[in-house]
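One structure is given below, encoded as structure tokens.
There are 2 protein chains.
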Amino acid sequence: MHIMESVPAMKQYVKDNRRLGKKIGFVPTMGALHEGHLTLMRQGKKDCDVVIASIFVNPVQFGPNEDFDRYPRDLQGDSEKAARAGVDAIFHPSAREMYPEGYATYVNVEGMTEKLCGSSRPGHFRGVTTVVLKLLNIVQPDKAYFGQKDAQQALVLKRMAQDLNLNAAIEIVPIVRENDGLALSSRNMYLSPQERQAALILYRSLCRAEKLVAGGEYDSKAIREAVLAVLEQEPLAELDYAEIYHYPSLQDMERLEDKALLALAVRIGKTRLIDNIILEVSQC
Amino acid sequence: MHIMESVPAMKQYVKDNRRLGKKIGFVPTMGALHEGHLTLMRQGKKDCDVVIASIFVNPVQFGPNEDFDRYPRDLQGDSEKAARAGVDAIFHPSAREMYPEGYATYVNVEGMTEKLCGSSRPGHFRGVTTVVLKLLNIVQPDKAYFGQKDAQQALVLKRMAQDLNLNAAIEIVPIVRENDGLALSSRNMYLSPQERQAALILYRSLCRAEKLVAGGEYDSKAIREAVLAVLEQEPLAELDYAEIYHYPSLQDMERLEDKALLALAVRIGKTRLIDNIILEVSQC
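Residue numbers (UniProt numbering), protein chains in the order written: chain E, 1 to 284; chain Z, 1 to 284.
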């Protein structure tokens, strides 16, 4: 396993592999790797010759009162997991390497970053798009993999890659869940046993919505009300948002047509969790 | 001469040349080519195997009351000039090709875009950085050439390329002037004969500053006052700005040290002209 800490070293590794005609897959992460990340890496290995993962807790995407300082970091454990998932090289830069003195450039996807997590975490997506653009420029992958768990992020990055004429294809990989339905997240490790149990309310409310849609309920407002009613049953859960938008445009929709994204952000104790489901209108 | 109008066609041309190991030079322009542009192209041909020029009047960098509609367009004449200067291919996309329906991504270099032309043309640099980033992603050049005439633009783009880890080197080429000192600009063709004569006041005021510095005057304010005094002698000239900043950081400086940029924007009739000079402190 190669671990590169500098941009020139990472670029050289990419150049050497390109010269050999290798197809490059890329999985950007903040570390604290779980089965969700490993699924992205295995998918990359299936599609490409060489898989590069980045492990970088990006300061620019955290708000001032968020969990940047306590975000879990374990390079040793992460690189062992990544190696077992087929990753060939890890890019693990310092914040100074990514944002040197005088750094001033930021990219923004307007409109679709202003709702959902964009409205509860101002500046978050500007940090995500900026760091991912930099990483894509450094790694120059054929394909870059992102989890559906961060649905809005994946759509924003797809939009950015298309708008900026990048060569990398943005691949969105389905959510990986625990057996009881909890979506995997590095932040799940903040949860106490009692909170871990309470956190199941997110998936339970998504399932309620899916059943309603399967039964023919296409009214966004009615579906949202039903989701809120389920979430209210859990006293440890505090709602940040529960919203339904057209998928993948994230435009408002009163009545479901085609596909819709139902996205949740819920605080369980001090931990903010997100989850989502794509609701599909039956074509029969 | 190849003229490409679509992004995929341009990318294919680049890919084919890359495969042959060709070094690619790139000169982005808005057309209306003059000797300044041609100098960039000839420099590109000297340094690289293949030179690509883009001709695209970028709507996003024009303000609502600026000259987007009347900006001179002459693809036929421009491509003949470019061919004679050694250009191998021209990228000439439509606005729709560059900004398709739903386009939402913009890049911004913060701080250094807020002064000089950034303060008199709000949003201008956001348009410039966005289109140049797109063009650099499409053309993937080894070197991209920009004129010192647009000094702030060149510095902003250099900052962007460095910050976003682009592979392209940004080359800044000296200003080309008419025999009487007027800096070449596509906008010079808006000038009446009388205005053309009046426009010489820009270069004359820059020369006054250069002489002062050669004589040991290093006080920014005193130099600026002298420049304003020269500009005031021309009744057709209306000042937009005349400012001195550290070069290349564009930071404020009270006393010249090392290098300074003296940059002017002056309206002659309805035409806004810019010009600049780098003032160097003698090391003796």
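For glycine and all other residues, C-beta sits at the position ideal for the given N, C-alpha and C.
Its chain contains TYR218, ASP219 and SER220 as the residues whose beta carbon lies nearer than 7 Å to that of Z/ARG255, once the 5 sequence neighbours on both sides are disregarded; these appear in chain order. The three-state secondary structure of E/SER186, taken from DSSP, is helix. Around the CB of Z/PRO141, 16 or more other CB atoms lie within 10 Å, so the residue is classed as buried. Annotation: Cβ neighbours of Z/LEU133 in chain E (cutoff 7 Å, chain order): LEU164. For chain Z, the residues of the stretch 98 to 131 of chain E that bring a beta carbon within less than 7 Å of one of its beta carbons are TYR103, ALA104, THR105, TYR106, VAL107, ASN108, VAL109, GLU110, GLY111 and MET112, in chain order. Under the Cβ distance rule, E/ILE278 does not count among the residues neighbouring chain Z, no pair being separated by less than 8 Å. Between Z/ARG126 and E/LEU231, the alpha-carbon positions lie close to 42 Å from each other. Taking 8 Å as the cut-off, the beta carbon of E/SER192 is found closer than this to the beta carbon of E/GLY269.
Spatial neighbours of E/GLU97 in its own chain (CB-CB distance under 8 Å, excluding positions within 5 residues in sequence) are listed in chain order as GLU5, SER6 and VAL7. Using a CB distance cut-off of 8 Å, Z/MET160 counts as an interface residue toward chain E.
Sixteen is the threshold: since fewer than 16 other Cβ atoms of the shown chains lie within 10 Å of the Cβ of E/CYS284, the residue is exposed. By the 16-neighbour rule on beta-carbons within 10 angstroms, E/HIS37 is buried. For E/LEU38, no beta strand (DSSP E) encloses it; the enclosing alpha helix (DSSP H) starts and ends at 35 to 47. Inter-residue distance for Z/THR129 and Z/VAL156 is about 8 Å (C-alpha atoms, whole angstroms). Annotated three-state conformation of Z/THR113 is coil, per DSSP.
Our two residues, E/TYR203 and E/LEU166, have alpha carbons roughly 35 Å apart in a direct line. Contact of Z/ASN137 with chain E by beta-carbon distance below 8 Å involves LEU164, ASN165, LEU166 and ASN167. One finds nothing in chain E with a Cβ atom closer than 8 Å to the Cβ of Z/VAL173; even the nearest lies about 23 Å away. Contact note: E/VAL7 reaches chain Z through ASN165, using a C-beta cutoff of 7 Å and chain order. Each of Z/ILE138, Z/CYS117 and Z/VAL132 was checked against the Cα of Z/LYS149, and the nearest Cα belongs to Z/CYS117.
E/GLY147 places its beta carbon 8 Å or farther from that of E/ILE170. The Cβ neighbour count for Z/PRO28, taken over all protein chains shown within 10 Å, is at least 16; the residue is labelled buried. Using a 10 angstroms sphere on the CB of E/SER54, the tally of other CB atoms reaches 16 or more, which defines it as buried. Z/TYR103 and Z/VAL60 have their C-alpha atoms some 12 Å from each other. Excluding five sequence positions before and after Z/ILE277, the CB atoms of its chain that fall closer than 7 Å to its own CB belong to LEU206, ALA209, GLU210 and LEU262, given in chain order.
In this structure, DSSP gives Z/VAL173 an extended state, which the three-state scheme calls strand. Contact between E/GLY31 and E/ARG73 holds, since their C-beta atoms are separated by about 6 Å, short of 8 Å.
If you ignore the 5 residues before and after E/VAL87, its C-beta comes within less than 6 Å of the C-beta of MET41, VAL51 and ALA53, all in its own chain and listed in chain order. Using a 10 angstroms sphere on the CB of Z/GLU243, the tally of other CB atoms reaches 16 or more, which defines it as buried. For E/TYR245 and E/ILE201, the gap between their C-alpha atoms comes out near 21 Å. In the structure shown, E/ASN276 adopts extended strand secondary structure according to DSSP, grouped into three states. Judged by DSSP secondary structure, Z/PHE146 falls outside any alpha helix (DSSP H) and instead within the beta strand (DSSP E) spanning 143 to 147. Less than 8 Å divides the Cβ of Z/TYR247 from the Cβ of Z/ALA260. Of the residues assessed, Z/HIS2 falls on the exposed side of the cut-off, its CB having fewer than 16 other CB atoms within 10 angstroms.
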